[in-house]
Amino acid sequence: MLQQVMTAPGQITFQEVPTPQPESGQVLIKVMKIGVCGSDIHVYHGEHPFTSYPVTQGHEVSGQIVTLGDGVEGLTIGQKVTIQPQVVCGQCHPCRHGKYNLCESLKVMGFQTTGTASHYFAVDAAKVTLLPQDMSYDEGAMIEPLAVAVHAVRRAGDVKGQKIAVLGAGPIGILVAQTARGMGAKSVMITDVSDIRLAKARECGVDFCVNTKTADFGDAMIKHFGPDKADVIYDCAGNNTTMGQAVKYARKGSVIILVAVFAGQATVDLAVLNDHELDLNTSMMYRNEDYIEAIRLVKEKKVALAPLISKHFPFRDYLKAYQYIDGNRESTMKVIINVQE
Numbered sequence: 020m021l022q023q024v025m026t027a028p029g030q031i032t033f034q035e036v037p038t039p040q041p042e043s044g045q046v047l048i049k050v051m052k053i054g055v056c057g058s059d060i061h062v063y064h065g066e067h068p069f070t071s072y073p074v075t076q077g078h079e080v081s082g083q084i085v086t087l088g089d090g091v092e093g094l095t096i097g098q099k100v101t102i103q104p105q106v107v108c109g110q111c112h113p114c115r116h117g118k119y120n121l122c123e124s125l126k127v128m129g130f131q132t133t134g135t136a137s138h139y140f141a142v143d144a145a146k147v148t149l150l151p152q153d154m155s156y157d158e159g160a161m162i163e164p165l166a167v168a169v170h171a172v173r174r175a176g177d178v179k180g181q182k183i184a185v186l187g188a189g190p191i192g193i194l195v196a197q198t199a200r201g202m203g204a205k206s207v208m209i210t211d212v213s214d215i216r217l218a219k220a221r222e223c224g225v226d227f228c229v230n231t232k233t234a235d236f237g238d239a240m241i242k243h244f245g246p247d248k249a250d251v252i253y254d255c256a257g258n259n260t261t262m263g264q265a266v267k268y269a270r271k272g273s274v275i276i277l278v279a280v281f282a283g284q285a286t287v288d289l290a291v292l293n294d295h296e297l298d299l300n301t302s303m304m305y306r307n308e309d310y311i312e313a314i315r316l317v318k319e320k321k322v323a324l325a326p327l328i329s330k331h332f333p334f335r336d337y338l339k340a341y342q343y344i345d346g347n348r349e350s351t352m353k354v355i356i357n358v359q360e
């Protein structure tokens, strides 16, 4: 079979390797689609602090079961699936207490261990999540980033009836906004400095889309939510400007959740955070229940994934996909790799 390998930043080759055979407790997946995310781009540019080369990428994935290893139960050949890409120890305190997304020795496929960017991929059956048969493979490859959004929204608890503000209208920001609405939020406002991205958020049904180049974030919250502002603010941009806006304008005693990964050291006004008794929380990846909820939201049409797909590339054009993203940063949401050309 053919396998993608990033040998160095900006360099991708393909190698012929034997098709793996599933070991006991594993299944063999025919990989159909792979999504490219921001972290993949960091690897492409040599800016991911926890990835070394060579590395086979691919962690947002959909496929079909083609072979069952010994002892696998509850799965059948032909089922559509996605894969949870976390490799965990199962022994540390977080793992023992159900928080394996925080495993002390966490590895992620495509970054610290081999990813799914190959024609076939053998994986532990426990990491496989079934997809509805009527779900497209494109949508299936986007369940992973949607699970990120689901986990982030849940970090605030039950958001039913609440007013939610989301900073950053990239793919994760728009998914967080849709997820909050799908999980019962009263109304959702999203902000960005790009009218193109805000138009995409509007297409996905976000209630209020605000360009903070021309509108003050604090004024926009009062305009759309009233004097009580937002109940929860999600920072999906991850920079000093957006976090500064969140801390400065949050209602006293409310919640800020950092979803994005900061690049470098953050500068945050802790005096205001303290004085306003704000809860500053964070979110890290997902767990199985987040995948299940993500699939439910798509199945019940509470989250739209198709509008976020910007372009498809054949498997051998992996490098062209990265080049396209670099050349179209503002307008690109999600690029999908068609593995089975």
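End of the sequence shown = 360 in the numbering used here, gap-free, step of one.
Note that the Cβ used here is the ideal one computed from N, Cα and C, for glycine as well.
Query, Result
"Suppose only complete runs of 4+ residues qualify. What are the alpha helix (DSSP H) ranges in the segment 132–180, listed by chain order?", "156–160 and 162–173"
"Can you name, in chain order, every residue of its own chain whose Cβ lies under 6 Å from the Cβ of T38, other than the five neighbours on each side?", "M20 and Y139"
"Assign H331 to buried or exposed, taking buried as 16 or more other Cβ atoms, counted over all protein chains shown, within 10 Å of its Cβ.", "exposed"
"Could you tell me the distance, in whole angstroms, from the CA atom of V229 to the CA atom of I314?", "29 Å"
"For V195 and A168, which I take to be in contact (beta-carbon distance under 8 Å), what is that distance rounded to the nearest angstrom?", "4 Å"
"From E35 to V24, what does the alpha carbon distance come to, in whole angstroms?", "11 Å"
"Between the alpha carbons of G245 and T210, how many angstroms are there, rounded?", "17 Å"
"The beta strand (DSSP E) with A261 in it runs from where to where?", "Inspection of the sequence shows that residue 261 is occupied by Thr rather than by Ala. No beta strand (DSSP E) contains T261, which is instead part of the alpha helix (DSSP H) from N259 to Y268."
"Since I believe S71 is in contact with A160 (beta carbons under 8 Å), could you give me their beta-carbon distance rounded to a whole number of angstroms?", "Wrong, their Cβ atoms sit about 25 Å apart, outside the cutoff."
"What does DSSP give as the partner residues of M208 in its beta bridges?", "A184 and F227"
"Expressed to the nearest angstrom, what Euclidean distance is found between the alpha-carbon atoms of V274 and G257?", "16 Å"
"Under the assumption that Q103 contacts N307 (Cβ atoms under 8 Å), give the Cβ distance between them as a whole number of angstroms.", "7 Å"
"Determine the DSSP secondary structure at N300, reduced to helix, strand or coil.", "strand"
"Would you call the segment 179–192 in contact with the segment 252–266, where contact means no fewer than 3 C-beta pairs closer than 8 Å?", "yes"
"Is Q83 closer than 8 Å to G97 when the C-beta atoms are compared?", "yes"
"So if DSSP puts P333 in a beta bridge, which residue, or which two residues, is it bridged to?", "N357"
"Report the rounded CA-to-CA distance for K52 versus M240, giving the unit in angstroms.", "39 Å"
"So, with DSSP's three-state summary, where would you put L327?", "helix"
"For a quick check, are the C-beta atoms of V212 and K242 less than 8 Å apart?", "no"
"Whole angstroms is fine: what's the gap from P73's alpha carbon to K339's?", "19 Å"
"Indicate the three-state DSSP secondary structure (helix, strand or coil) for L21 in the structure shown.", "strand"
"Starting from I102, follow the beta strand (DSSP E) in both directions and report where the run begins and ends.", "K99 to I102"
"Can you tell me whether DSSP reads G428 as helix, strand or coil?", "Residue numbering for the chain in the displayed model covers 20 to 360; residue 428 lies beyond these limits and cannot be assessed."
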